[in-house]
Amino acid sequence: MYYLHQIGAYFLMIQQVFSRMTKRKVLWKLIIKEVDDLITNSLGIVAFISFFIGAVVAIQTALNLTDPLIPKELIGFASRQSVILEFAPTFISVIMAGKVGSFITSSIGTMRVTEQIDALEVMGINALNYLVFPKIIALFMYPFVIAIAMFLGIFGAYVAAVYGGFVSSNEFMTGLREEFIPFHLVYSFIKTFIFSFLLATIPSFHGFYMKGGALEVGKASTTSFVWTTVVIIVVNYLVTQILLS
Amino acid sequence: MIEVKNLHKGFGGTEILKGISTSFDQGKTNLIIGTSGSGKTVFLKCLLGLYSPEEGSICYGNQEYETLSEDEKRDLRQQMGMVFQGSALFDSMTVTENVRFPLEMFTKQSNSEMDDRVNEILKRVNLEGADDKLPSQISGGMQKRVAIARAIVTNPKYLFCDEPNSGLDPKTAIVIDNLIKELTEEFNITTVINTHDMNSVMEIGEKIVFLKNGHLEWEGDKSQIFITDNEAVTDFVYSSNLFKKVREAQLKGL
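Those protein sequence lines, which keep their order, are chains H and Y. Just so you know, we're using this note's numbering here: the first sequence kicks off at 346 and counts up by one. Just so you know, we're using this note's numbering here: the second sequence kicks off at 764 and counts up by one.
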């Protein structure tokens, strides 16, 4: 019953976010600020993780290719498929649920605790639109982050595979191009787009409706990370089932 | 003027406000006092429209809040200024940006007009020179002044303050009290202050509403509160050692 209530409250929040819009001039400034906080400030960690995970995927594939009948090109092929289909969109989104999600929950939660949200509401401002809508728009840029993650993941795989002596550059590049299905990229970006909406709204929900003090802000951040991750994993399964099976 | 009639409000089956009827006059500093748990904050939040009453009505001038449409409620709220207990300044904005915020949200003023208005208000609350500082970089007293400046920058008709001098030293508290009183008279605002500080009552209490367990126990002005024979009020007023000794001295004819 509690979870049903929470799900209902979440959808009511979404409805509120898109009603009574804040002045366009003010919104524009907020969106720019959110792009900086949520997107630009995440690029470093995304680049770092992408490069090394791509490298590890390549090494793991290479080390498991013990049968001489399996061509070495498979390393490039497997790295590409892993990175494009799952690692970049899903794994990075889980990382972002921790980084961006906890930032959103704690910043909105702190505003709740320090009565800043009450201050907005007393002024007659739709606090949900003012706080959450710019985050949703800013996270429309999230697919660009995932594109960078894809590129760096494959680049990391190339560096580890070629310079680690597992495969020649030519073999890796041949495998990378082999049986490429463009729809896989479309599928990846569709789910990235859905994840971006979840990343903006679930942490906002936990921050906005939290009650209590500083300790509860911390608890809300943890809960928000857990729920954002759970929903991302479930949605990932559903989207994959719908689009790829 | 704000008129409250038979206001009831509760949470989870517990009645917090039990039929409060009173009025708050324009151009005066109206104080709501009472012990912790007496319902002061809930009453103030009902006045602000943050809580809907279960029964009764609140009229701002000739507008009854609960009968207004959402747009009318929003327009009315824009005529209200609020100074929160913890100031509630926006952390990520400078002093200037905090004060400018309501102007950007609700007016169509040009940038230079807004700058002029912000400078005028900051000067009025004696806060020149702190323009580019963040709330975390200024003292509690200065934060309160910024909160007051933000509350009055749009020339509101109603000003609400929730314990405006809590956490401040006695000297700064008097400065803040006097500032609120001066602004109330200068701009002819209906000011309602929620406090349990007897110094504020002495300093600025033109109309005092005393709440006890969600009831309106007593109302009057600061000259009457020290001579009333209402036991609850007397207990509250003379719970402070200082006032108790003053009272004892008065009774001894000293």
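We treat Cβ as the ideally placed atom computed from N, Cα and C, and that holds for glycine.
With at least 16 other beta carbons inside 10 angstroms of its own, H:Asn471 counts as buried. Between the alpha carbons of Y:Phe999 and Y:Pro898 lies a gap of roughly 34 angstroms. The shortest C-alpha to C-alpha distance from Y:Gln987 to any of Y:Leu974, Y:Lys970, Y:Leu979 is the one to Y:Lys970. If you look at Y:Leu942, you'll find it isn't in any beta strand (DSSP E); it sits in the alpha helix (DSSP H) that goes 933-950. H:Gln586 is outside the set of residues whose beta carbon lies under 8 angstroms from a beta carbon in chain Y. Distance from the CA of H:Ser566 to the CA of H:Ala483, rounded to the nearest whole angstrom, comes to 20 angstroms. In the DSSP assignment, Y:Cys809 forms no beta bridge with any residue. A direct Cα-Cα distance of roughly 10 angstroms separates H:Pro416 from H:Ala407. Contact with chain Y is found for H:Ile470, since one of that chain's Cβ atoms lies less than 8 angstroms from the residue's Cβ.
What Y:Leu811 touches in chain H, judged by beta-carbon distance under 8 angstroms, is Val467, going in chain order.
Burial state of H:Gly353 is exposed, judged by a 10 Å Cβ sphere holding fewer than 16 other Cβ atoms. Within a 10 Å sphere around the beta-carbon of H:Phe525 sit fewer than 16 other beta-carbons, which makes this residue exposed. Residue pairing of Y:Ile783 in beta bridges, as defined by DSSP: Y:Leu770. DSSP places Y:Met845 in the strand class (E or B) of the three-state scheme. Here H:Gly469 really is in contact with Y:Arg840; their C-beta atoms are around 4 angstroms apart, less than 8 angstroms. Taking a C-beta cut-off of 8 angstroms against chain Y, none of the residues of the segment 424-443 of chain H qualify. Under the three-state reduction of DSSP output, Y:Ser820 falls in the strand class. Of the other Cβ atoms in all chains shown, fewer than 16 fall within 10 Å of the Cβ of H:Gly557; this residue is therefore exposed. Annotation for Y:Glu829: Ser815, Pro816, Ser820, Ile821 place their beta carbon closer than 8 angstroms to its own, counting only its chain and skipping 5 residues before and after.
Going by beta carbons, Y:Thr804 and Y:Asp940 fall outside the 8 angstroms limit. In this structure, DSSP gives Y:Glu926 a state outside helix and strand, which the three-state scheme calls coil. Of all residues in the segment 442-459 of chain H, only Thr459 come within less than 7 angstroms of chain Y when Cβ atoms are compared, listed by chain position.
Per the C-alpha coordinates, the member of H:Phe422, H:Lys444, H:Phe517 positioned closest to H:Phe570 is H:Lys444. Against chain Y, the beta carbon of H:Gln461 has neighbours under 7 angstroms at Ala851, Phe853, listed in chain order. Taking a cut-off of 8 angstroms on C-beta distances, the segment 490-508 of chain H touches the segment 397-406 of chain H, as three or more cross pairs fall below it. About 7 angstroms separates the Cβ atoms of Y:Val955 and Y:Leu807, confirming a contact at the 8 angstroms cut-off. Note that the segment 880-894 of chain Y touches the segment 907-918 of chain Y; at least 3 beta-carbon pairs, one per stretch, sit closer than 8 angstroms.
Looking at Y:Lys886, Y:Met843, Y:Gln872, Y:Thr870, the one whose alpha-carbon comes closest to that of Y:Val858 is Y:Lys886. Contact of Y:Gln841 with chain H is assigned, a C-beta pair being separated by under 8 angstroms.
The continuous stretches of alpha helix (DSSP H) do not include Y:Val955, which lies in the beta strand (DSSP E) extending over residues 953-957.
Taking a cut-off of 8 angstroms for Cβ pairs, the segment 541-552 of chain H and the segment 443-460 of chain H touch, as three or more such pairs fall below it.
In summary, Y:Ile884 is buried, with 16 or more beta-carbon neighbours lying within 10 Å of its beta-carbon over all protein chains present. Between Y:Met764 and Y:Ser799, the gap from beta carbon to beta carbon reaches 8 angstroms or more.
From the listed residues H:Thr537, H:Met518, H:Ala505, the smallest Cα separation to H:Ala433 is found for H:Thr537. Minimum Cα-Cα distance from H:Val562 among the listed residues H:Ser427, H:Thr459, H:Gln360 corresponds to H:Thr459. In its chain, beyond the 5 residues on either side, Ile420, Gly421, Tyr503, Ala506, Val507 have a beta carbon closer than 7 angstroms to the beta carbon of H:Phe517.
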